[in-house]
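J.:
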């Protein structure tokens with residue numbers, strides 16, 4: 001079965017420290033990969049997406065992610081986090097030939113002062 | 001820029017009552033989706049509409065019905081609400097015919113079933 005795994009349900013990190021949020025997927029077909037952010041009481045907003053080409057993808061708010069096909073991973077990174085980055089982050093996979101996402105269970109990033 | 005608008009934002013129902021959640025988008029998108037979000041489970045697809053006039057079941061369709069009223073609007077109906085349907089419901093839309101396009105989400109409807 002196709003799935004998306006976000007192993008860390010919560011990640012606390014101090015302000016200005018680097019962070020990595022992990023995402024692994026299982027699929028036997030081509031995929032498109034996305035990271036979304038959800039602030040409290042809001043819907044999801046697109047951070048970045050990987051469709052093809054360069055495996056390092058840059059998104060909004062200083063976030064980037066690297067697609068690793070051999071490890072079936074798409075980890076999200078930021079070199080220096082801010083208090084305002086506190087939110088829940090979702091990894092999502094869309095399989096080639098479909099119009100549907102499979103979402104991971106989310107990672108709550110809490111940035112500490 | 002309204003984007004995707006969901007109404008109501010909050011609702012409390014009693015078991016057995018019926019309710020329709022409304023969703024409208026103003027981005028001329030063809031595809032629309034309904035998800036539910038539960039703690040520790042991420043977002044799960046309930047129903048989707050790839051284009052006006054078509055609807056398909058997602059991962060968790062039981063207990064729900066949908067109507068694609070026109071290109072802009074996609075409603076979700078609970079005929080007989082159950083406590084297990086307490087959740088946050090999100091509507092989303094995307095450009096159709098381009099499978100790698102991101103979805104745009106509304107702010108959600110928080111539904112409690114007593």
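Chains as they are written, first to last, in this note's numbering: chain A, 1 to 113; chain B, 1 to 114.
Just so you know, even glycine gets a beta-carbon here, dropped at the ideal spot from N, CA and C.
1) Just how far apart, CA to CA, sit residue 59 of chain B and residue 24 of chain B?
2) According to the Cβ coordinates, are residue 96 of chain A and residue 32 of chain A closer than 9 Å?
3) Tell me the DSSP secondary structure of residue 12 of chain A in three-state form.
4) By the 9 Å beta-carbon criterion, what residues does the region 34 to 59 of chain A contribute toward chain B?
5) Looking at the strands, I want to know which residues DSSP matches up with residue 93 of chain A.
6) Check the Cβ-Cβ distances between residue 94 of chain B and every residue of chain A, and say whether any is below 9 Å.
7) Would you be able to state if there are at least three C-beta pairs under 8 Å between the region 10 to 17 of chain B and the region 43 to 61 of chain A?
8) Could you check if residue 88 of chain A is buried or exposed, using at least 16 other CB atoms within 10 Å of its CB as the buried criterion?
9) Rank A:111, A:99, A:25 and A:21 by C-alpha distance to the C-alpha of residue 56 of chain B and give the top, closest one.
10) In terms of alpha-carbon separation, which member of A:109, A:17, A:9 and A:93 lies closest to residue 50 of chain A?
11) What is the DSSP secondary structure of residue 42 of chain B, reduced to helix, strand or coil?
12) So, is the C-beta of residue 41 of chain B closer than 9 Å to a C-beta in chain A?
T.: Taking the definition as stated:
1) If you number the second chain from 1, residue 59 of chain B lands on position 59. If you number the second chain from 1, residue 24 of chain B lands on position 24. Going from the Cα of residue 59 of chain B to the Cα of residue 24 of chain B covers about 22 Å.
2) Here residue 96 of chain A refers to the residue found at position 96 of the first chain. Here residue 32 of chain A refers to the residue found at position 32 of the first chain. Going by C-beta atoms, residue 96 of chain A is nearer than 9 Å to residue 32 of chain A.
3) As a working note, residue 12 of chain A is residue 12 in the first chain. Residue state, collapsed to three classes: strand.
4) 34, 36, 38, 41, 42, 43, 44, 45, 46, 49, 51 and 52
5) Taking the first residue of the first chain as position 1, residue 93 of chain A is located at position 93. Its beta-bridge partners are A:33 and A:102.
6) Within the second chain, the letter at position 94 stands for residue 94 of chain B. Judged by the 9 Å Cβ criterion, residue 94 of chain B is in contact with chain A.
7) no
8) The count along the first chain starts at 1 and reaches residue 88 of chain A at position 88. Looking at its Cβ environment, which holds 16 or more other Cβ atoms inside 10 Å, residue 88 of chain A is buried.
9) Along the second chain, one-based indexing puts residue 56 of chain B at 56. Here the closest residue by C-alpha is A:99.
10) For the purposes of this step, residue 50 of chain A is taken as the residue at position 50 of the first chain. Nearest option by C-alpha distance: A:93.
11) Locating residue 42 of chain B in the second chain gives position 42, where the first residue counts as 1. Residue 42 of chain B falls in the strand class under three-state DSSP.
12) Here residue 41 of chain B is taken as the residue at index 41 of the second chain, counted from 1. Yes, because at least one Cβ of chain A sits closer than 9 Å to the Cβ of residue 41 of chain B.
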